Structure formats: C-alpha cells, structure tokens
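First residue of the sequence shown? That's 19 in our numbering, and the numbers climb one at a time after it.
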Amino acid sequence: VLNRRCVEAAVMTGLALDCRINKKSLFDRKHYFYADLPAGYQITQQRLPIAVDGSLAYSVCVGKKLGQAVTRTVRVRQIQLEQDSGKSLHDDLRSQTLVDLNRAGVGLLEVVLEPDMSCGEEAAAAVRELQLILQALGTSRAIMAEGQLRVDANISVHHPGEPLGVRTEVKNLNNYEIQRQISELENGGEILNETRSFDYKLGCTVPMRDKEGKQDYRFMPEPNLPPLLLYDSASLPAGADPQQVINIDRIREQLPELPSVTREKLVRRYGMLPEHSFALLVGIDWEAALSLAAGDALQGAAGGASRWLQLYCRTRCDDLGSPALMISATASEVLNKYLLKVASDEWVSLFIV
Numbered sequence: 019v020l021n022r023r024c025v026e027a028a029v030m031t032g033l034a035l036d037c038r039i040n041k042k043s044l045f046d047r048k049h050y051f052y053a054d055l056p057a058g059y060q061i062t063q064q065r066l067p068i069a070v071d072g073s074l075a076y077s078v079c080v081g082k083k084l085g086q087a088v089t090r091t092v093r094v095r096q097i098q099l100e101q102d103s104g105k106s107l108h109d110d111l112r113s114q115t116l117v118d119l120n121r122a123g124v125g126l127l128e129v130v131l132e133p134d135m136s137c138g139e140e141a142a143a144a145v146r147e148l149q150l151i152l153q154a155l156g157t158s159r160a161i162m163a164e165g166q167l168r169v170d171a172n173i174s175v176h177h178p179g180e181p182l183g184v185r186t187e188v189k190n191l192n193n194y195e196i197q198r199q200i201s202e203l204e205n206g207g208e209i210l211n212e213t214r215s216f217d218y219k220l221g222c223t224v225p226m227r228d229k230e231g232k233q234d235y236r237f238m239p240e241p242n243l244p245p246l247l248l249y250d251s252a253s254l255p256a257g258a259d260p261q262q263v264i265n266i267d268r269i270r271e272q273l274p275e276l277p278s279v280t281r282e283k284l285v286r287r288y289g290m291l292p293e294h295s296f297a298l299l300v301g302i303d304w305e306a307a308l309s310l311a312a313g314d315a316l317q318g319a320a321g322g323a324s325r326w327l328q329l330y331c332r333t334r335c336d337d338l339g340s341p342a343l344m345i346s347a348t349a350s351e352v353l354n355k356y357l358l359k360v361a362s363d364e365w366v367s368l369f370i371v
C-alpha cells in the first residue's frame, strides 16, 4: 500500500528543487539478489518517476582563505519513490557480515543528480544544501549519522577536455574508487559501468552487479501498485475528497521559506557575510531573532552572531553527542539573548568586525 505522506514529501521536495511534477507516475520492480533485499526485488520508478528536470543551487567557498562564495548549480534528473532495502553491517575483524532488516520495505525518496560536479568539495556542498532544504521542508530530519540521508556518489575520471569517463559506484568508499580508476586507466585497463563493494578479506573492491542494464535488473511494471495520479487545481475532479487526492498547487502554497531565501535576507538586510550564512541551522528563525535586536547597534553584528552561534552549537553537539538539528530550539533562545546584549552595546566590541 502506498503511503500518502511519502507522496506528499516527494511532491514537496520536487517543488523545492524546481522540478516538473508528473501528474501520472508509474512503479516498477527492479530484480536483483543481495543479502539486504529479502524479497529479491525493489519497488522503484524507472520508467516514469514522480518528478523530473529540476535544479539545485549551492555555494562553495573558494580562494586562498576560502573567503569568496561562488554559487553553482547541479541539475536534478529525477526524484523517485522507492522501497528501501536492509542494511549490511560488515565486521572486518571477525570477517562477518550481519544484515539489519529493520528498514527493509520502508518508503525511500531518491534524488538523482546529473554529473555537474567536478570535485568532492562541490559534491559535499550540494549535499549539505539538499540536507538543509529537506530539513526546512520537514520531509526528513536528514541526519546522516542515523541513515536518514545517504549518498551514493558515482565516480568517473577523465583527462581535461575529454568526455566524462565510465562511472562506477562504491558504497562509502568513493575516495578509494577515484584512485582505483586512475590506476586502472594508467595501466591501460577499462572502466566498467558497475556497482562495486569492498571485500575486507582481499582489501580491494569487487564487482557487485552491472549498473544500468535493464536485462540484468529485469525491470517490469509493479503489479501490486496502480499508476500514481496527482492533480492541480485546474484538473481536480469536482467533488473530490481532499483526503483521497493530492493537489500539487495546495502543496506549493504550503512550502516554507527555503534556506537560500533566508540566506539572501540575512546578507542583504543584516550585513552577514555570504560565507558565514552557509552554516545556517534549520529550526532557528534567524530573521525573527535578528529583528528582536534591530537597531543601530545591530548593523554589522549578524556576522559575529552567526560565527558565535556556530561555535556554540558545535560545542554543544560535541558535548551532548547530538546533531545540530536536535538543539536548534535551544540555540534560537541563546541567539535571542546574545542579540539583545549586542543591541544594548554590552558585547558589541567582542563580535562586530
């Protein structure tokens, strides 16, 4: 049975990433055999996903001291709903692999990006921006340490000016994969389009399965799920029960302010440096907090406030072992107190630069 909340989260994410939402999408079975997939197939959206053709703008800091902010864009190929697999736990000391099936069968939202990033720093910045967007939307807490946000980065190497090389995917070992591909090409070898896993006994990666071949995965229409139909206000059937249909326009109206918009306000209204605005914490109403202490004393203090709050939250995260999202409410209260002191000239000399 399709989970309504999963569909709403997919539509909301697609709108936030400027995707085209397909009013009709289809589900497929993707067959492969692996220990963490007890059914022997995965439900996915190979033929007609729920959202396509979007974009994600992100910023990276460049320069000698990383003090210059540059905005770049990566294209979003598609967003699709899937059925999650289990989790393989590798114990290299005992040469054992355990399988955790607690999340098997749970709804999964996959965002597929185009190969528009050329280094690990850009990929990390894009993932961080996506994480902030998901947290702002409320579609996911996106805490990577808890497996709520996972990244499968495909790696390809090529000489400058030449087309992109053949890509491969290695779970959680992408730095290793870069070196493996370079060594393979330098020795006259060929890179295959495949998924690879790391063999702890051999100390190297080994092929798992061919990456994109339809014959290998034996894609077929999912027989237990009918086509997913969405509507906008113009196509909504007369007398339709709001609980039985999903209105794209209604979800669009409920979209919260995205991190990029908040960041722009902080830079434009309060003089925060762009490189300081990147480390925003979702859950803090920055604009409201800064407005509490608005006045001549606050002009230029936003940069100091952001640096101070980042240090506070980083320390709290280390002390409590909690992700930043967990302490955002407390951080917001602390920020308000700090800004009120700034406005009263008590700490201006410490933080305004």
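Glycine included, each C-beta is placed from N, C-alpha and C at the ideal position.
All values reported here derive from a predicted model rather than from experimental measurement.
Take residue i and list the residues in its own chain whose beta-carbon comes closer than 7 Å to its own, dropping the five residues that flank it on each side.
{"i": "V80", "result": "Q86, V88"}
{"i": "M344", "result": "Since pLDDT at M344 reaches only 44, below the 50 mark, its modelled position is unreliable, and the value read off the structure follows with that caveat. Same-chain partners within the cutoff: there are none."}
{"i": "L155", "result": "M30, T31, A34, P274"}
{"i": "Q272", "result": "none"}
{"i": "D314", "result": "Legend: pLDDT at D314 = 41, less than 50; position of this residue unreliable, value from coordinates given subsequently. If we look at D314 and ignore the five residues flanking it on each side, it has no Cβ neighbours."}
When DSSP labels each residue in this structure, what does residue i get in the three-state scheme?
{"i": "D170", "result": "coil"}
{"i": "G125", "result": "strand"}
{"i": "K283", "result": "helix"}
{"i": "D234", "result": "helix"}
{"i": "I39", "result": "strand"}
{"i": "R270", "result": "helix"}
{"i": "C79", "result": "strand"}
{"i": "A69", "result": "strand"}
{"i": "V263", "result": "coil"}
{"i": "G58", "result": "coil"}
If you check the beta carbons only, do residue i and residue j fall under 7 Å apart?
{"i": "G72", "j": "L131", "result": "no"}
{"i": "V92", "j": "M162", "result": "no"}
{"i": "S106", "j": "A122", "result": "no"}
{"i": "L164", "j": "E128", "result": "Rather than Leu, the amino acid found at residue 164 in this sequence is Glu. Not a contact, by the Cβ cut-off of 7 Å."}
{"i": "S43", "j": "L243", "result": "no"}
{"i": "Y59", "j": "A144", "result": "no"}
{"i": "I68", "j": "A28", "result": "yes"}
{"i": "E140", "j": "V78", "result": "yes"}
If you draw a straight line from the C-alpha of residue i to the C-alpha of residue j, how long is it?
{"i": "G183", "j": "V175", "result": "5 Å"}
{"i": "D234", "j": "R65", "result": "16 Å"}
{"i": "R38", "j": "N172", "result": "24 Å"}
{"i": "S158", "j": "Q149", "result": "9 Å"}
{"i": "I151", "j": "L276", "result": "6 Å"}
{"i": "K283", "j": "E147", "result": "17 Å"}
{"i": "L8", "j": "N211", "result": "It is not possible to answer for residue 8, since the shown part of the chain is limited to 19 through 371."}
Might you give, ordered along the chain, the residues of its own chain that have their beta carbon closer than 6 Å to the beta carbon of residue i, omitting 5 neighbours on each side?
{"i": "V279", "result": "none"}
{"i": "R95", "result": "V130, E132"}
{"i": "R23", "result": "none"}
{"i": "L119", "result": "G104"}
{"i": "Q199", "result": "V175, I209"}
{"i": "P292", "result": "A87, V285"}
Could you name the residues of the same chain whose beta carbon sits closer than 8 Å to that of residue i, not counting the 5 residues immediately before and after it, in chain order?
{"i": "P255", "result": "Y249, V263"}
Any contact between the region 42-56 and the region 263-273? By contact I mean 3 or more CB pairs, one from each, below 8 Å. no
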